[in-house]
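One structure is given below, encoded as structure tokens.
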Amino acid sequence: MDLIVCIKRVPQTAEAEVKIDGSGKDIVKDRLTFDMNEADSYALEEAILLKEKSGGNITAVSLGSAEAEDTLRIALAKGADSAIRIKLEDFGELDGFKTAALIREAIKDIKFDAILTGCMSTDDSYYQVGPTLAEMLGIPHATLVSKIEVADQKAHVHRELEGGLIEHLEMSLPAVFAVQTGINEPRYASLIAIRRAAGKEIKVIGKEEISSEAKLNSTLEELFIPPVGERAEILTGTPDEVSKRTAEIIKEKGLI
Amino acid sequence: MASKKNVVVQINPEIREALLEMGAVDAYKCYQCGKCASVCPWFQVGTYEFLVFRFPLETVLGLIASSEEKEELAKEVDKIYRCVGCEACVEQCPLGVKIPDILRSARRILVDFGSYPETLKSVVQKIRNVGNPLGEPRENRGDWAKDLNVNAYSSDMELLYFPCCVPAYDARIQKVAKSTALILQKSGISFGILGDKESCCGEAIRRAGAENVFTETARSNIKVFEEAGVRQVLVSSPHCYVTFKNEYPDLGARFESLHTTQYLWQLIDAGRIRPDKEFKKKVVYHDPCTLGRQSGIYEEPRNILKSIPGLELLEVEEFSRNLSVCCGAGSGGLWIDWPVGERMADIRIKQLVDTGAEVIVVACPYCLQMFEETVKSMNLDIPVMDVTEILCEALGE
Numbered sequence: 000m001d002l003i004v005c006i007k008r009v010p011q012t013a014e015a016e017v018k019i020d021g022s023g024k025d026i027v028k029d030r031l032t033f034d035m036n037e038a039d040s041y042a043l044e045e046a047i048l049l050k051e052k053s054g055g056n057i058t059a060v061s062l063g064s065a066e067a068e069d070t071l072r073i074a075l076a077k078g079a080d081s082a083i084r085i086k087l088e089d090f091g092e093l094d095g096f097k098t099a100a101l102i103r104e105a106i107k108d109i110k111f112d113a114i115l116t117g118c119m120s121t122d123d124s125y126y127q128v129g130p131t132l133a134e135m136l137g138i139p140h141a142t143l144v145s146k147i148e149v150a151d152q153k154a155h156v157h158r159e160l161e162g163g164l165i166e167h168l169e170m171s172l173p174a175v176f177a178v179q180t181g182i183n184e185p186r187y188a189s190l191i192a193i194r195r196a197a198g199k200e201i202k203v204i205g206k207e208e209i210s211s212e213a214k215l216n217s218t219l220e221e222l223f224i225p226p227v228g229e230r231a232e233i234l235t236g237t238p239d240e241v242s243k244r245t246a247e248i249i250k251e252k253g254l255i
Numbered sequence: 000m001a002s003k004k005n006v007v008v009q010i011n012p013e014i015r016e017a018l019l020e021m022g023a024v025d026a027y028k029c030y031q032c033g034k035c036a037s038v039c040p041w042f043q044v045g046t047y048e049f050l051v052f053r054f055p056l057e058t059v060l061g062l063i064a065s066s067e068e069k070e071e072l073a074k075e076v077d078k079i080y081r082c083v084g085c086e087a088c089v090e091q092c093p094l095g096v097k098i099p100d101i102l103r104s105a106r107r108i109l110v111d112f113g114s115y116p117e118t119l120k121s122v123v124q125k126i127r128n129v130g131n132p133l134g135e136p137r138e139n140r141g142d143w144a145k146d147l148n149v150n151a152y153s154s155d156m157e158l159l160y161f162p163c164c165v166p167a168y169d170a171r172i173q174k175v176a177k178s179t180a181l182i183l184q185k186s187g188i189s190f191g192i193l194g195d196k197e198s199c200c201g202e203a204i205r206r207a208g209a210e211n212v213f214t215e216t217a218r219s220n221i222k223v224f225e226e227a228g229v230r231q232v233l234v235s236s237p238h239c240y241v242t243f244k245n246e247y248p249d250l251g252a253r254f255e256s257l258h259t260t261q262y263l264w265q266l267i268d269a270g271r272i273r274p275d276k277e278f279k280k281k282v283v284y285h286d287p288c289t290l291g292r293q294s295g296i297y298e299e300p301r302n303i304l305k306s307i308p309g310l311e312l313l314e315v316e317e318f319s320r321n322l323s324v325c326c327g328a329g330s331g332g333l334w335i336d337w338p339v340g341e342r343m344a345d346i347r348i349k350q351l352v353d354t355g356a357e358v359i360v361v362a363c364p365y366c367l368q369m370f371e372e373t374v375k376s377m378n379l380d381i382p383v384m385d386v387t388e389i390l391c392e393a394l395g396e
């Protein structure tokens, strides 16, 4: 089973202090660490598990700057067989539509049975690249995927819905699966695999190789931190004072 | 009779080369006498197999984190992160083989490839982002001192006091920083702090393998110290002490590092402060690995405690001074939650409590935090204090 996994290198912002930069359209990144987008690391692991069951090849693709090659090398160390970086520097501003169009061009000569993406990236949170890519390729897709089983050229896929429901789909292949976090437990890379990955070639393609005329469907106007709402009361003081006030509020609201 | 199994070992020269490049050169010194095993705290824990004596040979053969099977590899990475860098093995080794450095070389490679525990990733991320492992806002770093009339450091002052992260932010352990400031004020020493200009010393994340973020953080501190004209830095944490003393000079630092126990003993010895209020308790002193074994500072904390009237100082028989057992917080251990039954702090607390002491005394914020949590989880009713906190009380502050 030949698989393509889309991977993005993103700043780690979940527990970080995030500030807007001077352009008003991006965040200050010089005090942040970068890693593989969380959902993508689950997509990569799912691809490795599928390959372990039924063989085949995994190609990791990333649209990013030169540093994204470090992230692709992690994918190679964990189990991808080859890697492609699409030069972000050649294509300017991006949205979900243009990203999908560029990935489609980059993989047009690769034979595949399935494409796995993370369901979202933690930086832009568009949730668009997987479904848009599937539409462009004219193949089926599933989002929020929490289980994938493949048998007889069919995929049995679970999707996680609101209210604790699971939807079970039978899908024809090839298809695109936008994978949820938690679908598996991403592995570590072994030192021997890291060493081997260090010497592997990463194919880099840019505007010479990709003739895409993809335009942006949406443009970023402004990025801002929402004003503090009026309903929230921020408690300040020593831990004793804060816990005393918390207890008072709980009592005042009649919760106990 | 049990049948003998043939064990096939796949030797990986590539791993050996990678580890040697990252600094595991001590592996070749080891002649496998096994003395390290006699002091490794994991042998006292006894419920987790951590065969410390094997790491040098496994390095030479390239067997470290070599499994290509997912579950087995996860166990190997977990093992690499079990070493708390207490250096009990180094101290006992006839050839001084630095096994923690061997494991750190593996950690450095794993960190570069994002293949290390998520909790430590989060710590590295927070130190790069806001300069402390707790993720607290940088601008609040000096808040512990706001009621104490402590000045910002200027170059005409004698000392920079650098509390580092846990004493700066942790509500309980701030008392160590406050006690230190009160003692210095009482003794008339001119000192100041750098507040939000300083960042974590970076010792723990370097030992966890995050070399690049350590270097970046250390350079930022060195620059801030140089610009402020700092000559002497007083620290509460032995971890700051060793990294400032032994590692920052390689990055161009030119300042003297002093631990509070050294400096405060000098003040008592010179008669500049006199602890005259009774502290009528039996106390047992726990030698922090980084202050004792790794820095040779055994007497100063004891001298301070002995100078306090009424205080009876107890020792853990057989496991004191260079044979002290680690609390488990070193080299990133503070942030890894090992399963109940596999915690070295439990073993150490039992040894300390068995002396009959009424108070456990430490001289390290990591030990303090670890033991505070451990006495609670073990349902024990015994206070844990830092040497500076007791001294501060004995000075009537």
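Residue numbers (numbering that gives the first Met the number 0), protein chains in the order written: chain A, 0 to 255; chain B, 0 to 396.
Even for Gly, the Cβ is constructed at its ideal location relative to N, Cα and C.
Every value quoted in this text rests on a predicted model; they were computed, and no experiment measured them.
Residue range of the alpha helix (DSSP H) that includes residue i
i: ARG347 of chain B; result: 343-352
i: PHE224 of chain B; result: 210-227
i: MET369 of chain B; result: 364-376
i: GLN265 of chain B; result: 259-268
i: ALA74 of chain A; result: 67-77
Minimum Cβ-Cβ distance from residue i to chain B less than 7 Å
i: SER61 of chain A; result: no
i: ILE193 of chain A; result: yes
i: PRO130 of chain A; result: no
i: ARG186 of chain A; result: yes
i: THR32 of chain A; result: yes
i: SER145 of chain A; result: no
i: GLN11 of chain A; result: yes
i: GLU200 of chain A; result: no
i: LEU190 of chain A; result: yes
Endpoints, beta strand (DSSP E) assigned at residue i
i: LYS202 of chain A; result: 201-204
i: THR242 of chain B; result: Unbroken run through THR242 of chain B: none, as it is neither H nor E.
i: ASP34 of chain A; result: 33-35
Residue i burial status per 10 Å Cβ neighbour count (16 or more: buried)
i: VAL6 of chain B; result: exposed
i: ALA150 of chain A; result: exposed
i: HIS167 of chain A; result: exposed
i: GLN293 of chain B; result: buried
i: TYR27 of chain B; result: exposed
i: LEU234 of chain A; result: exposed
i: PRO10 of chain A; result: buried
i: LEU62 of chain B; result: buried
i: GLU161 of chain A; result: exposed
i: VAL358 of chain B; result: buried
i: TYR112 of chain B; result: Per the sequence presented here, residue 112 of chain B reads as Phe, with Tyr not at that position. Buried is the call here.
i: MET0 of chain B; result: The predicted position of MET0 of chain B is uncertain, since its pLDDT is 48 and thus under 50; a value taken from the coordinates is nonetheless stated next. By the 10 Å Cβ count, MET0 of chain B comes out exposed.
i: SER53 of chain A; result: exposed
i: ALA74 of chain A; result: buried
i: GLY332 of chain B; result: buried
i: LYS243 of chain A; result: exposed
Minimum Cβ-Cβ distance from residue i to chain A less than 7 Å
i: ILE303 of chain B; result: no
i: SER114 of chain B; result: yes
i: MET0 of chain B; result: Per-residue confidence for MET0 of chain B stands at a pLDDT of 48, beneath the threshold of 50, marking its modelled position as unreliable; the derived number appears in the next sentence. So no, MET0 of chain B is outside the interface.
i: LEU290 of chain B; result: no
i: ASN128 of chain B; result: yes
i: VAL8 of chain B; result: no
i: LYS375 of chain B; result: no
i: GLY208 of chain B; result: no
Q | Inter-stretch contact at 8 Å, needing at least 3 Cβ pairs: the region 91-104 of chain B / the region 219-231 of chain B | A | no
Q. So, do the region 243-253 of chain A and the region 47-54 of chain A have three or more beta carbon pairs nearer to each other than 8 Å?
A. no
Q.
Quick check: the region 318-328 of chain B against the region 79-92 of chain B, are at least 3 beta-carbon pairs closer than 8 Å?
A. yes
Q) Counting Cβ pairs closer than 8 Å, one from the region 134-149 of chain B and one from the region 191-203 of chain B, do we hit at least three? A) yes
Q.
Across the region 224-244 of chain B and the region 160-167 of chain B, are there enough close Cβ pairs to call them in contact, namely three or more that are closer than 8 Å?
A. yes
(Q) Taking contact to mean 3 or more Cβ pairs, one atom from each stretch, closer than 8 Å, check whether the region 208-217 of chain B and the region 260-272 of chain B are in contact. (A) no
**Q.** Segment contact flag, the region 171-181 of chain A with the region 53-69 of chain B, C-beta cutoff 8 Å, min 3 pairs
**A.** no
(Q) Just to confirm the assignment: which complete beta strand (DSSP E) runs, minimum length 3, are found wholly within the region 93-161 of chain A? (A) 113-117, 140-150 and 153-159
Q: Give, in chain order, every unbroken run of the alpha helix (DSSP H) that is at least 4 residues long and sits entirely within the region 264-312 of chain B.
A: 298-305
Q.
What ranges does the alpha helix (DSSP H) occupy inside the region 215-254 of chain A, keeping only unbroken runs of at least 4 residues that lie completely in it?
A. 238-251
Q.
Three Cβ pairs or more, each shorter than 8 Å: is that satisfied between the region 143-157 of chain A and the region 13-32 of chain B?
A. no
Q. With contact counted as at least three CB pairs below 8 Å, one residue from each stretch, are the region 108-128 of chain A and the region 85-96 of chain A in contact?
A. yes
(Q) Taking contact to mean 3 or more Cβ pairs, one atom from each stretch, closer than 8 Å, check whether the region 214-222 of chain A and the region 39-48 of chain B are in contact. (A) no
(Q) Can you confirm whether the region 56-67 of chain A touches the region 101-109 of chain A when touching is taken to mean that 3 or more C-beta pairs between the two stretches lie within less than 8 Å? (A) yes
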